[in-house]
Amino acid sequence: GDSVTQMEGPVTLSEEAFLTINCTYTATGYPSLFWYVQYPGEGLQLLLKATKADDKGSNKGFEATYRKETTSFHLEKGSVQVSDSAVYFCALRGGGSYIPTFGRGTSLIVHP
Amino acid sequence: EAGVTQFPSHSVIEKGQTVTLRCDPISGHDNLYWYRRVMGKEIKFLLHFVKESKQDESGMPNNRFLAERTGGTYSTLKVQPAELEDSGVYFCASSTTGGGYGYTFGSGTRLTVV
Chain A
972 GDSVTQMEGP VTLSEEAFLT INCTYTATGY PSLFWYVQYP GEGLQLLLKA TKADDKGSNK
1032 GFEATYRKET TSFHLEKGSV QVSDSAVYFC ALRGGGSYIP TFGRGTSLIV HP
Chain B
5 EAGVTQFPSH SVIEKGQTVT LRCDPISGHD NLYWYRRVMG KEIKFLLHFV KESKQDESGM
65 PNNRFLAERT GGTYSTLKVQ PAELEDSGVY FCASSTTGGG YGYTFGSGTR LTVV
């Protein structure tokens, strides 16, 4: 079945550092890929998405590129802020299914 | 508009007790989903309502879990009797269509069974 693998956390960075959170997936067909973010005390929010190979999703300074050849969708940000501290979930939705498959989540802690 | 509301936000119960979680979706959202995240693991799908009907309950772990959505508005998820492995965060989400882009999640209920 479909699965999503994320790097273990927590990821601890200083403000303005470069961020990469790795995500790889296994799926049949051509899934849509997502990153969700959960800020403390809040629900999951859709951060960005990509629906086909080589698409780049972007939002709030975060980017991720759908790489079919490496089955990856790594999340990047050039300069993180304290307010980016949250848990980030990679997810996919396979063709014909409306139910997303989530990864384990990666906690990001940004220090001033 | 109000978001998806879940309560309680936290619940601590003893093994063998009963707990009922509630989710109020966004008004007008016919689709309602329950998910669970056990500590440090993936967010797992539990079930999906379309209005008051269960569209897909393939993720429900066992018959100790009972979900209802009477009248197609709010939903409850009852765990009876609770076991230690039921501890985790229970999320609810709602959407207007069955697709994956328009989900709105609640902030979750953290359930601890001791």
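Note that the protein sequences, when read in sequence, are chains A and B.
In this text, residue positions in the first sequence follow my numbering: the first is 972, and each later residue adds one.
In this text, residue positions in the second sequence follow my numbering: the first is 5, and each later residue adds one.
The beta carbon of each residue, even a glycine, is placed where N, CA and C say it ideally should be.
A quick note: this is a predicted structure, and the numbers were derived from the prediction, not measured.
Considering only residues of the same chain and omitting the five flanking positions on each side of B:Ala6, which have a CB-CB separation below 6 Å? Within the second sequence, the letter at position 2 stands for residue 6 of chain B. Result list for B:Ala6: empty, nothing under 6 Å.
Under the three-state DSSP convention, the category A:Val1053 falls into: Your numbering for residue 1053 of chain A matches position 82 in the first sequence. When DSSP states are grouped into helix, strand and coil, A:Val1053 belongs to the helix group.
7 Å Cβ cut-off: residues of chain A touching B:Glu46: Along the second sequence, one-based indexing puts residue 46 of chain B at 42. Result: Phe1073, Gly1074, Arg1075.
Closest by C-alpha distance to A:Ala988, when choosing among A:Thr1072, A:Val1053, A:Leu1019: Walking along the first sequence from the start, residue 988 of chain A turns up at place 17. Nearest option by C-alpha distance: A:Val1053.
Element boundaries [beta strand (DSSP E), containing A:Tyr1037]: For the purposes of this step, residue 1037 of chain A is taken as the residue at position 66 of the first sequence. No beta strand (DSSP E) holds A:Tyr1037; DSSP gives it neither H nor E.
Tell whether a beta-carbon distance below 8 Å holds between A:Ala1062 and A:Gln1009. Position 91 of the first sequence, counting from 1, holds the residue named residue 1062 of chain A. Position 38 of the first sequence, counting from 1, holds the residue named residue 1009 of chain A. Using a Cβ distance threshold of 8 Å, A:Ala1062 and A:Gln1009 do not count as a contacting pair.
Among the candidates B:Leu70, B:Ser57, B:Phe109, whose CA atom is the shortest distance from the CA of B:Lys82? The residue given as residue 82 of chain B occupies position 78 in the second sequence. Comparing C-alpha distances from B:Lys82 to each of B:Leu70, B:Ser57, B:Phe109 shows the shortest one belongs to B:Leu70.
Could you check which residue in B:Gly32, B:Phe49, B:His33, B:Ile17 has the C-alpha nearest to that of B:Arg40? Looking up residue 40 of chain B in the second sequence gives position 36. Among B:Gly32, B:Phe49, B:His33, B:Ile17, the Cα nearest to that of B:Arg40 belongs to B:Phe49.
To the nearest angstrom, how far is it from the Cα of B:Val93 to the Cα of B:Arg114? On the second sequence, residue 93 of chain B is found 89 positions in, with the first residue counted as 1. On the second sequence, residue 114 of chain B is found 110 positions in, with the first residue counted as 1. Taking the straight line from one Cα to the other gives about 4 Å.
Give the single residue among B:Thr24, B:Ile47, B:Met64, B:Met43 whose Cα lies nearest to the Cα of B:Phe53. Taking the second sequence and counting its residues from 1, the one referred to as residue 53 of chain B is at position 49. Taking only the C-alpha atoms, the option nearest B:Phe53 is B:Met64.
Since A:Tyr1037 and A:Asp1025 should fall inside the 8 Å C-beta cutoff, what is the C-beta to C-beta distance between them, to a whole number of angstroms? Indexing the first sequence from 1 puts residue 1037 of chain A at position 66. Indexing the first sequence from 1 puts residue 1025 of chain A at position 54. Going by Cβ atoms, the distance from A:Tyr1037 to A:Asp1025 rounds to 6 Å, so yes, they are a contact pair.
Using a cut-off of 9 Å between C-beta atoms, extract the partners of B:Val54 located in chain A. Residue 54 of chain B sits at position 50 when you count from the first residue of the second sequence. Within chain A, no residue comes near B:Val54; the closest Cβ sits about 11 Å away, beyond 9 Å.
Can you tell me which of the three DSSP states B:Thr113 falls into? On the second sequence, residue 113 of chain B is found 109 positions in, with the first residue counted as 1. Three-state result, B:Thr113: strand.
Taking CB distances under 8 Å as the criterion, tell me whether A:Gly1014 reaches chain B. Translated into the one-based positions of the first sequence, residue 1014 of chain A becomes position 43. A:Gly1014 belongs to the set of residues whose beta carbon lies under 8 Å from a beta carbon in chain B.
Identify which residue in A:Thr997, A:Lys1039, A:Phe1060 has its Cα closest to the Cα of A:Leu981. Position 10 of the first sequence, counted from the start, is the residue given in the question as residue 981 of chain A. A quick correction: the sequence has Pro, not Leu, at residue 981 of chain A. Closest option to A:Pro981, Cα to Cα, is A:Phe1060.
I'd like to know whether the C-beta of A:Phe1044 is nearer than 8 Å to at least one C-beta of chain B. For this step, residue 1044 of chain A is matched to residue 73 along the first sequence. Look at A:Phe1044: its C-beta is not under 8 Å from any C-beta on chain B.
Any chance the region 9-21 of chain B sits against the region 994-1001 of chain A, with 3 or more Cβ pairs inside 8 Å? Contact between the region 9-21 of chain B and the region 994-1001 of chain A is absent, because fewer than three Cβ pairs lie under 8 Å.
Interface residues of the region 1052-1064 of chain A facing chain B [CB-CB below 7 Å]: Of all residues in the region 1052-1064 of chain A, Phe1060, Arg1064 have a Cβ within less than 7 Å of some Cβ in chain B.
Among the residues of its own chain, which have a CB less than 7 Å from the CB of B:Gly75, if the five just before and after it don't count? Taking the second sequence and counting its residues from 1, the one referred to as residue 75 of chain B is at position 71. Setting aside the 5 residues that flank it on each side, B:Gly75 is surrounded in the same chain by Glu56, each with a C-beta closer than 7 Å to its C-beta; the list follows chain order.
Out of A:Lys1039, A:Gln1016, A:Asn1030, A:Asp1055, state which residue places its alpha-carbon closest to the alpha-carbon of B:Gly110. In the second sequence, residue 110 of chain B corresponds to position 106, counting from 1. Residue A:Gln1016 is the option with its Cα nearest to B:Gly110.
With DSSP as the reference, please indicate the residues paired to B:Thr80 in a beta bridge. Start at 1 with the first residue of the second sequence, and residue 80 of chain B comes out as number 76. B:Arg26, B:Glu72.
Report the neighbours of B:Gly110 on chain A: residues whose CB is nearer than 8 Å to its CB, in chain order. Here residue 110 of chain B refers to the residue found at position 106 of the second sequence. The answer, in chain order, is Gly1014.
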